[in-house]
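A.B. asks:
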Amino acid sequence: MTPKEILYPAPLKKGDKIAICSPAGAIAPEKVEGAVATFKDYGWEPVVMPHALGKHGNYSGTDDERYSDLAAALSDPSVRAILCSRGGYGVVHIMDRLSKLPLAADPKWLIGFSDISALHALLATNGVASIHSPMAAQVMLGTSDADTAQLFKILEGESPVYTFDAHPYDKLGLATGKLLGGNLAVLAELINTPYDIIEPGTILFIEDVAEPIYKIERILYQLKLSGVLDKLAGLIVGQFTDYKPDDNYTDMETMIRDMTSSLKVPVAFGAPIGHVDHNVPVIESATVTLKVNPYAGNSIIFHRPILQK
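Counting in our numbering, the sequence shown runs from 20 upward without gaps.
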């Protein structure tokens, strides 16, 4: 498989099965029940995996239980998409075992964000597209929620286009490349592992929650010192939330502006991606065009898939 050949799972049809797994933290059952109701109302068949509503410490289950649910969903030919119920922490425990599955043999949409960024990285390194997207707590709101409605359109085969307001810290420009990213702290854990997706030529999107400003700065310094940061094709700065000002910076965006001041590629701040109510679903591994324009605003245009199975 060449780098340009990304497998897109087939679009969902009415009656298709969507498995609901909890590969990381434990979730309130009513949120899963709400997502089940939304899927049924839309015409899909939700399947709640055996340990999705479990609890083992902070996790939904033991490593074996969480692995068995996800492996079963990934291996079942009747399941056409997998909704991760929530993030938290714990996906990294089962990555190596999941990597031994034939993930590209029968690609299916995997949906989620936050700690699920690790699963997106796993699929990306296997050449399979996935969806960085809201999870059960937002899906339960139904298609009256704009981001859930857009998620469903992607699942049915639509390539989205997003526009958002220009930001004073933007670096203007135009870039086309592979879109990869997610929760920055999670992605940093994967640097120099087989699941490291922060590569030269990538259009990287980043977001995070409840991380100190200095920690995000430290990760960006790591990328800068390794030479990767300056070789990105573009950078999309999503939402950084629930952090506190420190003696060096009153806000995260100003620190990121300073850390990216040497970049010669477009940088878009303020994208609606992250731990916020308006969290647009984006296709990981898709080819996109990033436009950063102070007059027309910023846009992320998703190209039609190169290879679809």
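Ideal Cβ positions, reconstructed from N, Cα and C, are used throughout, including at glycine.
The structure displayed is predicted, hence computed values, not measured ones.
Going straight from the alpha carbon of I210 to that of L138, what length do you get?
C.D. replies: 14 Å
A.B. asks: Using C-beta distances below 6 Å, list every residue in its chain close to V66, excluding the 5 sequence neighbours before and after it, in chain order.
C.D. replies: The residues are K36, A38.
A.B. asks: Would you list, in sequence order, the uninterrupted alpha helix (DSSP H) runs of no fewer than 4 residues that lie entirely inside the segment 136–223?
C.D. replies: The segment 136–223 contains these whole alpha helix (DSSP H) runs: 136–143, 155–158, 165–174, 203–208.
A.B. asks: Near P264, what residues of its chain come up, given a Cβ to Cβ distance below 8 Å and the 5 sequence neighbours on each side ignored?
C.D. replies: I232, D270
A.B. asks: Out of K32, P69, Y78, which one is the CA nearest neighbour of G62?
C.D. replies: K32
A.B. asks: For the beta strand (DSSP E) holding P65, just list the boundary residues, first then last.
C.D. replies: 64–67
A.B. asks: Tell me the rounded alpha-carbon separation between L198 and L248.
C.D. replies: 15 Å
A.B. asks: Would you tell me roughly how many angstroms separate the C-alpha atoms of G53 and A194, rounded to the nearest one?
C.D. replies: So the alpha carbons of these two residues sit roughly 39 Å apart.
A.B. asks: Excluding sequence positions up to five away, which residues of its chain have a Cβ less than 7 Å from the Cβ of E175?
C.D. replies: P30, L31
A.B. asks: Which same chain residues, not among the five before or five after G131, have their C-beta less than 6 Å away from its C-beta?
C.D. replies: C103, M154
A.B. asks: Starting from the Cα of G220, find the closest Cα among K74, L160, P285, R276 and give me that residue.
C.D. replies: P285
A.B. asks: According to DSSP, K310 sits in a beta bridge with which residue or residues?
C.D. replies: L193, S318
A.B. asks: Taking the Cβ atom as the reference point for each residue, do Y262 and A290 lie within a distance shorter than 8 Å?
C.D. replies: no
A.B. asks: Which residue's Cα is closest to the Cα of D60: L206, H70, S118, S163?
C.D. replies: The shortest C-alpha separation from D60 is found at S163.
A.B. asks: DSSP three-state call for A252: helix, strand or coil?
C.D. replies: coil
A.B. asks: Over what stretch of residues does the beta strand (DSSP E) that includes I302 continue unbroken?
C.D. replies: 301–303
A.B. asks: Would you list the residues sitting across from E24 in a DSSP beta bridge?
C.D. replies: Looking at the DSSP assignment, E24 forms no beta bridge with any residue, so it has no partner.
A.B. asks: Restricting to Cα atoms, I'd like to know which of K50, E64, I101 is closest to C40.
C.D. replies: For C40, the closest C-alpha among the options K50, E64, I101 is that of I101.
A.B. asks: So, does the segment 139–152 touch the segment 302–322, judging by three or more C-beta pairs under 8 Å?
C.D. replies: Because the criterion of three Cβ pairs below 8 Å is met, the segment 139–152 and the segment 302–322 touch.
A.B. asks: How many Å lie between R99 and S281 at the Cα?
C.D. replies: 43 Å
A.B. asks: Which residues mark the beginning and the end of the alpha helix (DSSP H) in which G293 is found?
C.D. replies: Element bounds for G293: n/a, residue is neither H nor E.
A.B. asks: So, under 8 Å CB-CB, E226 and I292 are touching, yes? Tell me the CB distance rounded to an integer number of Å.
C.D. replies: 5 Å
A.B. asks: Mind checking whether R105 and I46 have CB atoms under 8 Å apart?
C.D. replies: yes
A.B. asks: Below 8 Å on the Cβ atoms is my guess for D134 versus A43; work out the distance and round it to an integer in Å.
C.D. replies: 4 Å
A.B. asks: Pick out whichever of P179, L309, A140, D125 has its Cα sitting closest to the Cα of F288.
C.D. replies: Of the listed residues, the one whose Cα sits closest to F288 is L309.
A.B. asks: For T167, which of A92, P121, T57 has the nearest alpha-carbon?
C.D. replies: T57
A.B. asks: Excluding the 5 residues preceding and the 5 following N145 in the sequence, name in chain order all residues of the same chain whose CB lies nearer than 6 Å to its CB.
C.D. replies: Once the five neighbours on either side are set aside, the close Cβ partners of N145 are L122, A123.
A.B. asks: If we call anything under 8 Å between Cβ atoms a contact, is S318 one with T182?
C.D. replies: yes
A.B. asks: Below 8 Å on the Cβ atoms is my guess for L191 versus N312; work out the distance and round it to an integer in Å.
C.D. replies: 7 Å
A.B. asks: Span of the alpha helix (DSSP H) holding G53?
C.D. replies: Unbroken alpha helix (DSSP H) run through G53: 48–61.
A.B. asks: With C-beta atoms as the reference, is T273 less than 8 Å away from L254?
C.D. replies: no
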